[in-house]
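Throughout the sequence shown, residue numbering follows numbering that gives the first Met the number 0, covering 0 to 191 in sequence.
Heads up, the beta-carbon is just placed ideally off N, CA and C, and yes, glycines get one too.
Down below is the structure, laid out as structure tokens.
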Amino acid sequence: MKIEAKVPFEVVLKRFHETHLQDLEHEANTNVEAEEHVRNSDAMLGTWSRVSLSRQDILGVILPWHTGEEGGEFELISKAGLTVADTIALLHAKSDSYPVTNPGCWTKLRWLAAAPFTPLFLSTKAVTGVDYEELTVTEGLIHLDGLHRMLAWELWGRLPEEETIEAYLSGIPTPSLAAGPSETGRVHQSGV
Numbered sequence: 000m001k002i003e004a005k006v007p008f009e010v011v012l013k014r015f016h017e018t019h020l021q022d023l024e025h026e027a028n029t030n031v032e033a034e035e036h037v038r039n040s041d042a043m044l045g046t047w048s049r050v051s052l053s054r055q056d057i058l059g060v061i062l063p064w065h066t067g068e069e070g071g072e073f074e075l076i077s078k079a080g081l082t083v084a085d086t087i088a089l090l091h092a093k094s095d096s097y098p099v100t101n102p103g104c105w106t107k108l109r110w111l112a113a114a115p116f117t118p119l120f121l122s123t124k125a126v127t128g129v130d131y132e133e134l135t136v137t138e139g140l141i142h143l144d145g146l147h148r149m150l151a152w153e154l155w156g157r158l159p160e161e162e163t164i165e166a167y168l169s170g171i172p173t174p175s176l177a178a179g180p181s182e183t184g185r186v187h188q189s190g191v
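As structure tokens, then:
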């Protein structure tokens, strides 16, 4: 993780609104909920930095509870949370069934696989809310927005090794935040 600059919350929110339309093409648009997470993190921690992330950094991001879009049958991420790397491993293990049991989530992943890179929004601590209340890891690089994008970018082999992915991080960044997992299986270009 490379720390680029401290930024005021107004800049963070402006960048969020520039890249998060409320009426996107897909039915499972969660931008309103994501903005709530960003605002909660600002109220809780109040400090923001623009950072650049590598693939390794992103693989270590802690993701909160995710049951899938539109009532998917399979709980992808339990309330305890998972890293991006562990979630990718789970998607590999469920590669035959996941598109069938969770078609809404899978459609969103496929839609985002070729979408342009847009900023991620993360926190150094878990925010309040049902998705975060039972996380077993509550400090580190914690997801606020970008779950499907991070998963899609890794599944389709798009994450760069160097620190080029734009992100906004709430809280005080430290070098230890970027100490993600050392290995993960990267799939071929066509996905799971």
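Note that the C-beta distance between Ile76 and Val136 is not below 7 Å.
Separation of Asn101 and Gly67 (C-alpha to C-alpha, rounded to the nearest whole angstrom) is 6 Å. For the options Phe8, Val126, Ala42 and Gly103, the alpha carbon positioned closest to that of Arg49 is the one of Phe8.
Take the alpha-carbon of His19 and the one of Ala88: they are about 28 Å apart. Within the model, the alpha-carbon separation for Trp64 versus Leu146 is close to 10 Å.
Burial check for Pro172: the Cβ neighbour count within 10 Å reaches 16 or more, so the residue is buried. Under DSSP, Ile141 forms a beta bridge with Ile61 and Ser122. Rounded to the nearest angstrom, the Cβ distance from Thr123 to Leu168 is 7 Å, consistent with a contact under 8 Å.
Bounds of the beta strand (DSSP E) holding Val6 are Lys1 to Val6.
Note on geometry: alpha-carbon atoms of Ser94 and Ala114 lie some 21 Å from one another. Assigned with DSSP and collapsed to three states, Glu132 falls in coil, not helix or strand. Here the C-alpha atom of Arg38 lies approximately 27 Å from the C-alpha atom of Leu158. Just measuring C-alpha positions, the residue of Val83, Ile141 and Ser53 sitting nearest Glu165 is Ser53. By alpha-carbon distance to Asp144, the top candidate from Val6, Glu34, Thr46 and Val10 is Glu34.
In the three-state scheme derived from DSSP, where H, G and I count as helix and E and B as strand, Glu32 is classed as helix. Taking C-alpha positions only, Leu58 is separated from Val11 by approximately 23 Å.
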